[in-house]
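Worksheet for the structure shown next.
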Amino acid sequence: MWSFLLTLIFSHLHIISLKMVQTKESAVEERPKWDNKAQYLLTCIGFAVGLGNVWRFPYLCQIYGGGAFLIPYLIALVFQGLPLLYLELAIGQRLRLGSVGVWNSISPLLGGVGIASSIVSLLVSLFYNTILAWVLWYFFHSFQDPLPWSSCPLNENRTGYNVECEKSTAVNYFWYRETLNITPDIEISGSLQWWMVICLVSAWCIVYICVIKGIDSIGKAVYVTSTFPYLVLTIFLIRALTLPGATTGLVHLFTPRWETLLNPQVWLDAATQIFFSLSVAFGGLIAFSSYNAEKNNCERDAVLVGVINSATSLYASIPIFAILGFKANNAYLACLDKNILSLTNAFDIADQNITTDTYDQWVTYLNETYPDQVLKLSLDVCDLQDLLDQSASGTGLAFIVFTEAVISMPGSQVWAILFFVMLFSLGLSSMFGNMEGVLTPIKDFKLVPKWMPNELFTVIVFVLCCATALIFTLGSGNYWVEVFNSYVGSVPLLIIALFEIIGVIYVRGMKTFSDDIYYMTGRRPNIFWKACWMVISPVMLLVVFVAYVVVQAQKHPSYPAWNPDFEEFPKTEPKPYPDWVFAIIVLLCAVPVISIPLVAVYKLICRGMKKTSVDLNPYNNYAFEG
């Protein structure tokens, strides 16, 4: 799919260069605009605030020392995230073109930057919408009473429970077997799961309905998709803070461990988190800002969107970890109760009234008095800190940890429904930006045949995307989602962002860009913004890029496989990626950005051929001499 679009764009590059001035003038005159400022801001906020704010940031904040992690995170926000966000909103608003048009307008040699953004947006959309399909599947099942992931199913003979489910948990079984029907290895593809195909098609249809009319339909949809998650988070916050163990979870989350700041990985993860969380370099923000009026305070917009995005991450962490503290507390008490029952039966001390409060005293006494008998009981190790450390991010947090916690909450169906509607709203608003990063550049430069309505072209793009995304509904589909999620949005975005800064600040020129901002806002950028654009941000991008490559080069990439035959099951089995999958990983990192040098070389060749043609034309020489 993406290779087809890349070929289509490349085949029209010469048309773009010839019609640049004409297209730009017509775009300025005929370009649609947002109905109001609220639509624009909600759309940008919805694009920036996504699933990563709910299931990635809390995880990083926990494993890297809570409050201590906020220091590198805020540094990355101020000196890397906000300057890049401001730059994209400003240049899109000033030139009023999509990502391909903006960079072609600055310099034809930079046309590949826009193409690279479009390809990354397309590749991210493929797997991102699969996550929405999973969310729909869980949402449909959240109306059942009891919830289907609350207990194990019976075996085929109906004489007991399913063996795999008993060895793991009901929550794990519903995710890995009932939802994914996952294979034990990425090399075993498995078959298409028809229920996931239906959910995937439904997800693409919903996105299509929301973007079919461009900003007209998106602008109305964001009133719901961008605001509803905050309503749900507030409801969860109020409920979560009343749960037993909530305080324990929050203390664990925000207790600073300052020694973690000495770990270089902390700074690397903080930089990449803020970078990808703001959704810069995808092209979607450039597309959205291009529909603004030319006279608009884009500086204030950038600061507002960036601050709200980071505040949302912090706001989401509170209810998430209050609920995880509740889950850990329940697991800890259940562990104690199990051990107390074993001790009561073994030593006939029921009349001594062992409780969870006196458990430690009794275990110490019995260990000192009857050490051999206690050892034979094989008591479970009940450690609340260990239970709190069993954190998860991504799909593990949403579809395993959180769903397990919901089971223990009164009115579990209501909380499950709210949670998955919130996740769907977050993902849907992010999909708007991803698809606009693909569709807007194509429409801006009339790459759609004149006889084909835009609605029909959008249908074709969506059908091809949905067909390509069927790979994620195979038995090995979850492994491929992990591949795309880990590598498509990493190195390519760093490289694209670096070329964006070079293009605006060093090709268009700092003085010209400063004049652009003065024209739009009435004042020139201050010394902070200039210092970030000219030195600090590009240096940080280079450091993050080099550090990322060095870290990845030190180890062969691996993935967690769900293998019931694994000796340590239900733990996932760590497996290295096969060589052919590793080759695909390299392609996923290289293919989007290869368009940057290819387009530059193509333009240079065309420029050289044109110059040679002019020099060899005797009539041109005669005209010059005359």
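Quick note: to get our numbering, add 1079 to the position in the sequence shown (first position is 1).
Ideal Cβ positions, reconstructed from N, Cα and C, are used throughout, including at glycine.
Considered as a whole, the stretch 1273 to 1326 harbours 1273 to 1290, 1294 to 1304, 1307 to 1319 as its complete alpha helix (DSSP H) runs of no fewer than 4 residues, in chain order. Taken through DSSP and simplified to helix, strand or coil, Ala1372 comes out as coil.
For Tyr1449, DSSP records no beta bridge to any residue. Within the same chain, Cys1545 come within 8 Å of Val1280 by CB-CB distance, once the 5 residues on both sides are set aside.
DSSP places Ser1637 within a strand segment (E or B) once states are collapsed to three. A contact between stretches requires three or more CB pairs, one per stretch, nearer than 8 Å, and the stretch 1291 to 1309 meets this requirement with the stretch 1487 to 1507. The stretch 1396 to 1405 and the stretch 1328 to 1348 touch, with three or more beta-carbon pairs separated by less than 8 Å.
Ala1662 counts as exposed, since fewer than 16 other beta carbons sit within 10 angstroms of its beta carbon. Pairing Pro1111 with Tyr1370 gives a Cβ-Cβ distance under 7 Å.
Inter-residue distance for Val1672 and Val1567 is about 11 Å (C-alpha atoms, whole angstroms). Closest in alpha carbon position to Asp1468, among Asn1183, Tyr1143, Val1179, is Tyr1143. Along the stretch 1570 to 1613, the alpha helix (DSSP H) occurs as fully enclosed runs of 4 or more residues at 1570 to 1580, 1589 to 1600, 1606 to 1610, listed in sequence order. Among the bridge pairs identified by DSSP, Lys1654 is matched with Tyr1638. With contacts defined by Cβ atoms closer than 7 Å, Val1359 and Leu1164 form a contacting pair.
Annotation for Ser1491: Leu1226, Val1485 place their beta carbon closer than 7 Å to its own, counting only its chain and skipping 5 residues before and after.
In this structure, the beta-carbon distance from Pro1649 to Ser1247 falls below 7 Å. Looking at the backbone, the Cα of Asn1418 and that of Gln1352 are separated by about 41 Å.
Note on Glu1378: 16 or more other CB atoms within 10 angstroms of its CB, so buried under the neighbour-count rule. Contact check for Tyr1394 against Leu1415 fails: the beta carbons are separated by 7 Å or more. Under a 10 Å Cβ-count criterion, Gly1146 is classified as exposed, with fewer than 16 other Cβ atoms of the shown protein chains found around its own Cβ.
Using a C-beta cut-off of 8 Å, the stretch 1635 to 1654 makes contact with the stretch 1251 to 1266, since at least three inter-stretch Cβ pairs fall below that distance. For Cys1461, no alpha helix (DSSP H) segment is defined, and its DSSP state is neither H nor E. For Val1500, the closest alpha carbon among the candidates Ala1477, Cys1461, Asn1183 is that of Ala1477.
The alpha-carbon separation between Leu1312 and Glu1447 amounts to approximately 49 Å. Under a 10 Å Cβ-count criterion, Ala1195 is classified as buried, with 16 or more other Cβ atoms of the shown protein chains found around its own Cβ.
In this structure, Asn1533 is the residue among Val1128, Leu1357, Ile1185, Asn1533 with its C-alpha nearest to the C-alpha of Lys1292. Tyr1143 sits in coil when the DSSP states are folded into three classes, being neither helix nor strand.
Residue state for Leu1233 is assigned as strand, using DSSP reduced to three classes. With respect to the 7 Å criterion, Ile1496 and Ser1221 are classified as neighbours on the basis of their beta carbons.
If you look at Pro1151, you'll find it in the alpha helix (DSSP H) that goes 1149 to 1155. In this structure, the straight-line span from the alpha carbon of Gly1269 to that of Asp1594 is close to 58 Å.
Exclusion of the five residues before and after Leu1620 leaves Gln1159, Leu1573, Ala1576, Leu1577, Ile1580 as the residues of its chain whose Cβ lies within less than 8 Å of its Cβ. Take Tyr1411, set aside five residues on each side of it, and the residues of its chain with a beta-carbon closer than 7 Å to its own are Cys1461, Leu1463, Leu1466, in chain order. The beta carbons of Gly1171 and Trp1182 sit no closer together than 7 Å. Going by DSSP, Pro1398 is part of the alpha helix (DSSP H) stretching over 1377 to 1426.
A Cβ-Cβ separation of about 31 Å leaves Val1214 out of contact with Gly1193 under the 8 Å criterion.
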